[in-house]
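Residue numbers (full-length UniProt numbering), protein chains in the order written: chain A, 1 to 193; chain P, 1 to 193. Ideal placement from N, C-alpha and C gives every residue a C-beta, glycine not left out.
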């Protein structure tokens, strides 16, 4: 098992509804040194691609995207879910459906920060139905930026997002792929390292 | 001028209503290498204090708090503004008034992640009226945790938050202190390094 899988086994909690609670090291409290190791692993998997910028989505993608920005020595752009006085109106917008909350919400990036021809690595914490990732890809398409790869911490293999994104031809790398939950335990699809 | 002040002069934009737009390197796009330098500066200022945990508030505090977590080699806890299925109900809650949005909102941390006796360094991006910082201090007080210091990227000296927090006896360190905005330009209170 790799360090992320080990930590999930040690500290992840399976909640009803196939929800994996990883609040202790990803979604509420963050272990920065773990994230640096995981960014190193993303670097190994994407080092043959030219990357100009890391793109993620607020809130819980920011920590791992920051660690990747450090490793790749590139700026980190986080798409926003709410308008603000500083964001302005000159933005690309994509609508994302949340299966968890059963609502549509908009994600936005300022046009000035996502340029035509830029080579983007998308990073996020979870991949399940893939709607947030599709929204980030859509923002890149609107800008004429090129998605060079997609890096995910935890993918739920029993939900359709990963398969769809791979079929579209993207290099999708997930550091922990969950095949199923069984009796409150996590079963990984395969050991990665 | 220190690296943060230099960057504010180069890339910050003063908007009507005394709003400083730093979306290019703090609030929307992040420069990870700048944040590492700023975390080094926070470390210099707080290295005599015992720190067990970095506490910040989602969203835009997460990047700099992460950089501090790396430098101090401690976990980063970010207070949440919205409830979620994984957060649960066993939380400390504090109400914060937003002068920008003219609304009250709740900030929350899970009780299991903020323990009695823990020594906390609070980190955030902006300090103006100080309501968010007061909320974070309140969460620590509820938990019986001890606030060892407060580190801020940009403080607006012409708004009352900083003075009040210093009068309460906290070690408050702001890396860029803005005295005023004048003809669309930023005037710093003093050069720090």
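Quick one: does residue i have its CB under 8 Å from some CB of chain A?
| i | result |
| --- | --- |
| residue 27 of chain P | yes |
| residue 176 of chain P | no |
| residue 184 of chain P | no |
| residue 58 of chain P | yes |
| residue 111 of chain P | no |
| residue 77 of chain P | yes |
| residue 118 of chain P | no |
| residue 69 of chain P | yes |
| residue 47 of chain P | no |
| residue 10 of chain P | no |
| residue 73 of chain P | yes |
Per the DSSP calculation, residue i is bridged to which residue(s)?
| i | result |
| --- | --- |
| residue 108 of chain A | A:80 and A:93 |
| residue 124 of chain P | P:152 |
| residue 137 of chain P | Per DSSP, none; premise fails for residue 137 of chain P. |
| residue 146 of chain A | A:119 |
| residue 103 of chain A | A:98 |
Return no unless some Cβ of chain P is closer than 8 Å to the Cβ of residue i.
| i | result |
| --- | --- |
| residue 93 of chain A | no |
| residue 181 of chain A | no |
| residue 62 of chain A | yes |
| residue 41 of chain A | no |
| residue 153 of chain A | no |
| residue 138 of chain A | no |
| residue 96 of chain A | no |
| residue 147 of chain A | no |
| residue 193 of chain A | With a pLDDT of 44 at residue 193 of chain A, under the threshold of 50, the modelled position of this residue cannot be trusted; read the value that follows with caution. Judged by the 8 Å Cβ criterion, residue 193 of chain A is not in contact with chain P. |
With 16 as the cutoff for other CB atoms within 10 Å, does residue i come out buried or exposed?
| i | result |
| --- | --- |
| residue 193 of chain P | Any answer about residue 193 of chain P is weak, because its pLDDT of 44 lies below 50 and its placement is not dependable; what the coordinates show is given next. Exposed, since its Cβ has fewer than 16 Cβ neighbours within 10 Å. |
| residue 147 of chain P | buried |
| residue 141 of chain P | exposed |
| residue 152 of chain P | buried |
| residue 75 of chain A | buried |
| residue 94 of chain P | buried |
| residue 98 of chain P | exposed |
| residue 100 of chain A | exposed |
| residue 155 of chain P | buried |
| residue 56 of chain A | buried |
| residue 27 of chain A | buried |
| residue 9 of chain A | exposed |
So is the beta-carbon of residue i under 7 Å away from any non-hydrogen atom of the ligand COA?
| i | result |
| --- | --- |
| residue 51 of chain A | No copy of the ligand COA occurs in the structure displayed, which carries no ligand at all. |
Check whether the segment 53–62 of chain A and the segment 10–25 of chain P are in contact - that is, three or more C-beta pairs closer than 8 Å.
no
Minimum length 3: unbroken beta strand (DSSP E) runs contained in the segment 10–62 of chain A:
13–15, 19–21 and 53–57
Spell out a yes or no on whether the segment 167–178 of chain A and the segment 1–14 of chain P are touching, meaning 3 or more CB-CB pairs, one atom from each, closer than 8 Å.
no
Would you call the segment 81–93 of chain P and the segment 65–73 of chain P touching, i.e. three or more CB-CB distances under 8 Å?
no
Count the CB pairs spanning the segment 25–38 of chain A and the segment 2–11 of chain A that are closer than 8 Å, and state whether there are at least three.
yes
Which complete beta strand (DSSP E) runs does the segment 157–190 of chain P hold, if anything under 3 residues is left out?
172–182 and 185–188
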